[in-house]
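Residue numbers (our numbering): 64 to 441.
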């Protein structure tokens, strides 16, 4: 991100770049995501928390202009950045697997207690990063095939490695976003090749993979058992404080109620945590004082910004899909749907890592689309 920020400000005429930027509705829409949250500060009472939320989201305000103003980049440079991301993820996975192998029985059993094997960063964000790395790898292979260039079959082995690890890790957000990548692999393959029979066969194999993983991957089996246990206790409202699924559901119910009570403008991003805690203290007292937020970016947006804000957030976050006919680009389309899926189960852009991941990958995918259309080749 620092590279693009420096590149965007170092070269070119700032005034002319800024004029072009404010006329580009796609980059401007991404900036708008920051603005709608920032404006809600007008009706937020907790100013300290509002400023904290605004600070976390600042990259969404600055980076769209930086990427827009960045001079034309060669596709080799863009692909090298992708390989750098894939490489970092791959080596970090090797570390995680190494930790798992030190005591396989222990790390398998802790999944039944809602814990997971060690990861370099928060496991939810990390699992989504792995899905994005897999998407990058598929995009590189796809471009090679379309351009009729040779590519090492080692890429396939690496892709399989990423898929296997995500199933070992057994984080629902990561698996869901991985399956999003698979879905768009099928869609784009049918669109490009028209071989529906092969696509249907691949889809059937994909469904079989999901089923077999739930039956034979120990970490996934234990995770499912834990989820059932957690939901049972939540339905009884008993001993739920330390259960991640209970926290997730309780916060979502809070967000829905806050939206119902404040449909027009929401409670304001500054008050979202206080109001969530207030709801939980009344309905799920064991979940109070945990600094919980609605565990769904869309529900959080409606609770904090109201229905109007939710509509604007949805429109702004969808705009990159249409940048330079981006719906025809595998990487741009798939990465955006990865984030849409994560928004359904996480408050993705309420953490520094989540914001950095979302804004960088979104803007990078837009820039990559532009680079390919301008005729650069690896």
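Ideal Cβ placement from N, Cα and C applies to all residues, glycine included.
Query: Where are the alpha helix (DSSP H) runs, 4 residues long or more, that stay fully inside the region 236-290, in chain order?; Result: 259-279
Query: Skipping 5 residues on each side, what residues in its chain have a beta carbon closer than 6 Å to that of residue 441?; Result: With a pLDDT of 41 at residue 441, under the threshold of 50, the modelled position of this residue cannot be trusted; read the value that follows with caution. Excluding positions up to five away in sequence, the list reads 138, 139 and 142.
Query: Please check the pair residue 401 and residue 240, which I expect to be a contact at CB under 8 Å, by giving their CB distance rounded to whole angstroms.; Result: 5 Å
Query: Starting from the N-terminal side, write out each stretch of the alpha helix (DSSP H) that is 4 residues or longer and does not extend beyond the region 146-208.; Result: 167-172
Query: Going by CA-CA distance only, name the one from 351, 355, 378 and 304 that's closest to residue 177.; Result: 304
Query: Sort 324, 229, 254 and 149 by Cα distance to residue 280 and report the nearest one.; Result: 229
Query: May I ask which residues mark the beginning and end of the alpha helix (DSSP H) holding residue 419?; Result: 415-436
Query: Under the three-state reduction of DSSP, which class applies to residue 399: helix, strand or coil?; Result: helix
Query: Checking 8 Å against the spacing of the C-beta atoms, do residue 298 and residue 234 come in under that value?; Result: no
Query: Who are the Cβ neighbours of residue 55 in its own chain at under 7 Å, not counting the five residues just before and after it?; Result: The structure shown has nothing for residue 55, since the chain only spans 64 to 441.
Query: In terms of residues, what are the limits of the alpha helix (DSSP H) holding residue 80?; Result: 77-86
Query: Let me confirm a value: residue 168 is counted as buried when at least 16 other C-beta atoms fall within 10 Å, else exposed. Which label applies?; Result: exposed
Query: Does DSSP put residue 363 in a helix, in a strand, or in coil?; Result: helix
Query: Hey, out of 332, 380, 348 and 308, whose CA is closest to residue 175's CA?; Result: 308
Query: Can you tell me the Cα-Cα spacing of residue 132 and residue 82, whole angstroms?; Result: 11 Å
Query: Should residue 413 go down as buried or exposed, given a rule of 16 or more other Cβ atoms within 10 Å for buried?; Result: buried
Query: Whole angstroms is fine: what's the gap from residue 512's alpha carbon to residue 92's?; Result: Residue 512 lies beyond the range of the chain shown here (64 to 441); nothing can be said about it.
Query: How big is the Cα-Cα spacing for residue 373 and residue 366?; Result: 9 Å
Query: Looking only at C-alpha atoms, which of 345, 171 and 113 sits nearest to residue 283?; Result: 171
Query: What are the boundary residues of the alpha helix (DSSP H) that includes residue 230?; Result: 217-232
Query: Could you compute how far the alpha carbon of residue 154 sits from the alpha carbon of residue 266?; Result: 30 Å
Query: When we look at the beta-carbon of residue 145 and count the other beta-carbons within 10 Å, is it buried (16 or more) or exposed?; Result: buried
Query: Quick one: residues in its chain with C-beta nearer than 7 Å to the C-beta of residue 314, no 5 flanking neighbours on either side, listed in chain order?; Result: 339, 355, 356, 357 and 358
Query: Between 430, 349 and 347, which lies nearest to residue 387 when the distance is taken from Cα to Cα?; Result: 430
Query: Is it the case that the Cβ atoms of residue 396 and residue 384 are separated by a distance below 8 Å?; Result: yes
Query: Rounded to whole angstroms, what is the Cα-Cα separation between residue 325 and residue 104?; Result: 15 Å
Query: Whole angstroms are fine: how far does the CA of residue 244 sit from the CA of residue 84?; Result: 31 Å
Query: Buried or exposed: where does residue 165 fall if 16 or more other Cβ atoms within 10 Å of its Cβ makes it buried?; Result: exposed
Query: I'd like to know whether the C-beta atoms of residue 127 and residue 90 end up nearer to each other than 8 Å.; Result: yes
Query: Consult DSSP for residue 327 and reduce its assignment to one of helix, strand or coil.; Result: coil
Query: Touching or not, the region 317-331 and the region 287-295, by the rule of three or more beta carbon pairs under 8 Å?; Result: no
Query: Alpha carbon to alpha carbon, how far is residue 433 from residue 427?; Result: 10 Å
Query: Nearest-angstrom Cα distance between residue 78 and residue 262?; Result: 49 Å
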